[in-house]
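Oh and the sequence shown: position 309 is 309 in the working numbering, straight run, nothing missing.
The C-beta atom is built at its ideal place from N, Cα and C for all residues, glycine as well.
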Amino acid sequence: MIWSGRTLVPLSLWLLPAESEPMPGPNLRAFHETSRKLDLRQPLEFLLAEFRRGNIADSKRGGEDSAIRAHLGGLSAAWERVFPGFPACPWRRRTLTWEYHRGRRDAYLRQLIAAQVSADQTDCFLIVNPATVLGRHARALAEALPACEVIGTDIDPRGERVYRILNFWKYRGLTNYQFVRESIFEPDLKRRPAVVTFFGACGSVSDGCMDYAIATDSPFLICRTCCHDNIAGNTQVIRRPTHINRFFAFKNWGLERYKRARPGFYFSDRYRENAYPRSAAARELMDTETIVSIAQNTADSDICRSLIDLDRCLYLRENGYDVMYREELFFAHRRPEVAG
Ligand SMILES: C[S@@+](CC[C@H](N)C(=O)[O-])C[C@H]1O[C@@H](n2cnc3c(N)ncnc32)[C@H](O)[C@@H]1O
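In structure tokens form, the structure reads like this:
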């Protein structure tokens, strides 16, 4: 057992993200009904007020936690009603251990997708996983859904190549998965995915993936965002004396060099400052300078991460999706009247 700063945690929880029992297919009718009743603008207004009052990233965490509970508690409760089984995390938020726990959230997301596809199995589904990194999640989905075709894409093929070689034997029989080298900022729009999914796509790469789902009219977008600090070309991090802050500062030191050496990796002129906020609703409440300042504070602030993700939720709504959100996870489905 080890102390997580909140409770005693079995070592196994630390070591391996567990695959829990298959979950029942989400009820899409309940999803649409619940999603439409959710007010996404009000929590954005309240959290923005907290940000403007400077009530963020408090070292004692009480301020952030109570603001998140007060203003996002309703969204999380709605999520739990429609998508039960959200993996509880024993670690304190905005810590490296919490970040590490994302593997459990990714496993949960994969189950949501598998349950949704299985429940909805009409014909062969195309699932596209941009920013696939190693192709690990894409292969696991292909293995779980043999009737589906799964394509993993990434601008950098090296991670996927290494993972393929190391797991050659495990996936020797897998025929419904393929990797395509592709920038999400210049994607192949001829494909017609039924599901667009990603498991952490840094900063504007997440926005590129969301625009890919919109542009390909994908019925489902089921994903996890990450590295909110890297939207709008930003690599600045407001410094604070925390491990996670040091981690993000070091990551951005590297990304700033990447930016110059490898154009199109992580950053794109299509997603510079003027592309943010994403939604018309958020643009009524904050300007570009504000959201970039919010991004620079995301390492140590859930309020700031949530502000960027709520803007994305409103953007998806403005582009024909009903959406639900919880702790960097998105479940979006095209509104039937839009999908036609
Ligand atoms: C580092 S991973 C993100 C992992 C993430 N931090 C997580 O929480 O799991 C980001 C991936 O995005 C890919 N990427 C960067 N720019 C891209 C682009 N323009 N198009 C597609 N993938 C891109 C990188 O190659 C990398 O594999």
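Pick from the options: whose alpha carbon is nearest that of residue i?
i, options, result
"Ser218", "Pro241, Gly254, Pro263, Asn129", "Asn129"
"Asp58", "Ala299, Arg139, Ala140, Val162", "Ala299"
"Glu186", "Arg260, Thr216, Leu166", "Thr216"
"Gln178", "Ala249, His137, Ala280", "His137"
"Asp188", "Tyr212, Cys202, Thr197", "Tyr212"
"Val196", "Thr235, Glu149, Phe168", "Glu149"
"Asn252", "Pro263, Gly233, Ile291", "Gly233"
"Ile231", "Ala201, Asp154, Tyr258", "Ala201"
"Phe31", "Arg41, Tyr108, Gly54, Pro84", "Pro84"
"Arg158", "Ala144, Ala142, Gly135", "Gly135"
"Thr175", "Phe248, Ile155, Ala142, Ala282", "Ala142"
"Glu64", "Glu318, Tyr321, Arg317, Ile303", "Ile303"
"Ala280", "Arg41, Pro263, Val323, Arg110", "Arg41"
From which residue to which residue does the beta strand (DSSP E) around residue i run?
i, result
"Val195", "195–202"
Starting from residue i, trace the alpha helix (DSSP H) in both directions and tell me its first and last residue.
i, result
"Asp65", "62–82"
"His137", "136–144"
"Val237", "First-last for Val237: undefined, no H or E at that position."
"Tyr100", "96–100"
"Glu160", "158–166"
Let me check one thing: in DSSP terms, what residues is residue i bridge-paired to?
i, result
"Thr153", "Val180"
"Arg334", "Tyr321"
"Arg52", "Arg52 is not bridged to any residue."
"Arg326", "Leu329"
Going by DSSP in three states, residue i sits in which element: helix, strand or coil?
i, result
"Asp211", "helix"
"Thr225", "strand"
"Ala30", "helix"
"His129", "The residue you asked about is not His; residue 129 is Asn in the sequence shown. Residue state, collapsed to three classes: strand."
"Phe185", "coil"
"Leu109", "helix"
"Phe220", "strand"
"Ile291", "helix"
"Leu310", "helix"
"Thr242", "coil"
Within the same chain, show all residues whose beta-carbon is closer than 7 Å to that of residue i, passing over the 5 residues directly before and after it, in chain order.
i, result
"Pro336", "none"
"Arg278", "Asp207, Asp311, Arg312, Tyr315"
"Arg171", "First, the residue type needs correcting, since residue 171 is Tyr and not Arg in the sequence shown. Contacts found: Arg139."
"Leu307", "Leu44, Leu47, Leu48, Phe51, Ile294"
"Ser76", "Arg326"
Does residue i get closer than 8 Å to chain E when you measure Cβ to Cβ?
i, result
"Ala215", "Protein chains in the displayed structure number just one, and chain E is not present."
Give every residue of the same chain whose Cβ lies closer than 6 Å to the Cβ of residue i, excluding the five residues on either side of it in the sequence, and list them in chain order.
i, result
"Glu328", "Arg224, Thr225"
"His71", "Pro43, Phe46, Leu47"
"Phe220", "Val195, His333"
"Lys259", "Phe267"
"Pro17", "Any answer about Pro17 is weak, because its pLDDT of 48 lies below 50 and its placement is not dependable; what the coordinates show is given next. Taken in chain order, the residues that qualify are Gly103, Arg104, Ala107."
"Arg181", "Pro157"
Which same chain residues end up closer than 8 Å to residue i when comparing Cβ atoms and leaving out the 5 residues on each side of it in sequence?
i, result
"Arg191", "Leu126, Val128, Ile151, Thr216"
"Asn274", "Thr288"
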